[in-house]
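J.: Can you keep this structure in mind? I'll have questions shortly.
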Amino acid sequence: MNLTTVQALVALAAFFLTFTVAILGGVRWMLTRWERRTDERFDRVDRRFDRLEARTDERFAEVDRRFA
């Protein structure tokens with residue numbers, strides 16, 4: 001192997017390393033974004049269920065007052 005071949009192999013390895021880091025960085029960004037959005041959706045659903053539960057409790061309390 002001469003110096004040109006070694007330089008070409010080093011350049012190729014550097015290219016693949018850079019490419020791999022870029023791909024993994026993008027995957028990490030997408031997974032982080034997906035996790036954050038999923039957490040936000042679960043929080044919204046939890047708040048919706050809390051409101052529904054509060055309204056149901058109010059209705060049952062009103063029925064209890066009417067028929068007590």
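Just so we're aligned: 29 in UniProt numbering is position 29 of the sequence shown, and the numbers increase by one with no gaps anywhere. Built from N, CA and C at the ideal position, the CB exists for glycine as well.
#1: Any idea what DSSP makes of methionine 30, helix, strand or coil?
#2: Looking only at its chain, what residues have a beta carbon closer than 6 Å to the beta carbon of phenylalanine 16, apart from the 5 residues adjacent to it on each side?
#3: Put alanine 68 into one of helix, strand or coil per three-state DSSP.
#4: I need the straight-line Cα distance from glycine 26 to arginine 37, nearest angstrom please.
T.: Looking at the atomic coordinates:
#1: helix
#2: Excluding the 5 residues flanking it on each side, phenylalanine 16 has no same chain C-beta neighbour closer than 6 Å.
#3: coil
#4: Going by C-alpha positions, glycine 26 is about 16 Å away from arginine 37.
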